[in-house]
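Numbering (the numbering used here), first residue to last: 1 to 230.
Next up, the structure:
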């Protein structure tokens, strides 16, 4: 019963990550309540995957497992930084009096939020296959033949557009903590904004998935012909 719950929770979090990046389009009040919803979904996600914390002291730490552990710790720090800084600059959910250094808190919030967005995409790229495999034991479907042939081309096109969107949106500034606000075009439709950030999310998730596959192949034991049949 936990697999569908995990899947729905992860889908909800991915949607919330995307909507939270569009704070200029949603407005501050909706943005803050979406953040509260994401915090609740994150706690649920942590509880559903609590067994992962119990396995930290077990088994051997190869290169792939170390990378996954570092990624998860960085994601946890980014989420905590985003939540903590959001309380300091909140105007609706936590309406504190005006604080000194609010510009720094906002810069920190934008910094942590963008790293959370990208690290969450990488997390999904690494662990998404496991969740899909587990869920596929209950639901199986086969893609049409033309989809299998077109998917590599589509992935390349989306990756190229994601790289363009990353540069066009100037994400290097918030990721290096050099901006408290994002460039804003008042005439831009929200769908174009969501498209750009959605493709960036896809690009990061896809890159993490490919690197994860390479690491698994690197760590896979090489069997001699006689051992392969044991």
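Ideal placement from N, C-alpha and C gives every residue a C-beta, glycine not left out.
Practice item. Please say whether residue 14 and residue 159 have beta carbons closer to each other than 9 Å? Key: Contact flag unset, no.
Practice item. State yes or no: is the C-beta of residue 181 within less than 9 Å of the C-beta of residue 91? Key: Residue 181 places its beta carbon 9 Å or farther from that of residue 91.
Point to revise | Length of the line joining the Cα atoms of residue 110 and residue 174 | key: C-alpha separation (whole angstroms): 6 Å.
Practice item. Determine the direct distance from the alpha carbon of residue 45 to that of residue 6, and round the result to whole angstroms. Key: Taking the straight line from one Cα to the other gives about 7 Å.
Review point. Taking just the CA atoms, how far does residue 187 sit from residue 75?
Key: For residue 75 and residue 187, the distance between alpha carbons rounds to 33 Å.
Check your understanding: Can the beta-carbon of residue 170 be found less than 9 Å from the beta-carbon of residue 86?
Key -> No, the Cβ-Cβ distance between residue 170 and residue 86 is not below 9 Å.
Exercise for review: Sort 209, 28, 152 and 17 by Cα distance to residue 122 and report the nearest one.
Suggested key: Looking at the Cα atoms, 209 is the closest of the given residues.
Practice item. Buried or exposed for residue 153, please, with buried defined as at least 16 other CB atoms from any protein chain shown within 10 angstroms of its CB. Key: When all chains shown are included, residue 153 counts as exposed.
Exercise for review: Answer with buried or exposed for residue 55, where buried requires no fewer than 16 other C-beta atoms within 10 angstroms of its C-beta.
Suggested key: Exposure of residue 55 is indicated by the presence of fewer than 16 other C-beta atoms within 10 angstroms of its C-beta.
**Study point:** Three-state secondary structure assigned by DSSP to residue 45
**Key:** Helix.
Check your understanding: Is residue 124 near the ligand GTP, going by C-beta to nearest heavy atom under 8 Å?
Key -> The ligand GTP is not among the ligands present in this structure, which contains no ligands whatsoever.
Check your understanding: So is residue 21 buried or exposed if we call it buried at 16+ other beta carbons inside 10 Å?
Key -> Result: buried.
Review point. When the Cα atoms are used, what is the spatial distance from residue 11 to residue 38?
Key: Distance between the alpha carbons of residue 11 and residue 38 is about 11 Å.
Practice item. Specify, as a first and last residue, the run of the alpha helix (DSSP H) that residue 61 falls within. Key: Run containing residue 61: none; DSSP gives neither H nor E here.
Review point. Should residue 165 and residue 197 be called a contact, given that it needs their Cβ atoms to be closer than 9 Å?
Key: Contact flag set, yes.
Exercise for review: Please name the residue, chosen from 89, 183, 125 and 79, that lies closest to residue 112 on a Cα-to-Cα basis.
Suggested key: It is 79 whose Cα lies nearest to the Cα of residue 112.
**Study point:** Residue from 162, 184 and 176 with nearest C-alpha to residue 24
**Key:** Nearest of 162, 184 and 176 to residue 24, Cα basis: 184.
Point to revise | With 16 other Cβ atoms within 10 Å as the buried cut-off, status of residue 57 | key: Exposed: under 16 other Cβ atoms inside 10 Å.
Check your understanding: If you draw a straight line from the C-alpha of residue 4 to the C-alpha of residue 124, how long is it?
Key -> As the crow flies, the alpha-carbon of residue 4 is around 16 Å from that of residue 124.
Practice item. Following the continuous alpha helix (DSSP H) through residue 56, name the residue where it begins and the one where it ends. Key: Per DSSP, residue 56 belongs to no alpha helix (DSSP H) and is neither H nor E.
**Study point:** Nearest to residue 19 (by Cα), restricted to the options 155, 168, 192 and 88
**Key:** The candidate whose alpha carbon is nearest that of residue 19 is 192.
Practice item. Note down, in chain order, each residue of its chain lying with its Cβ closer than 7 Å to the Cβ of residue 206, except the 5 sequence neighbours on either side. Key: The beta carbon of residue 206 sits closer than 7 Å to those of 125, 155 and 159, all from its chain and outside the five residues before and after it, given in chain order.
Exercise for review: Run the CB neighbour count on residue 114, radius 10 Å, all protein chains shown included, and call it buried at 16 or more, exposed below.
Suggested key: Under this definition residue 114 is a buried residue.
Point to revise | residue 95 in three-state terms, based on DSSP | key: Secondary structure at residue 95: coil, using DSSP grouped into helix, strand and coil.
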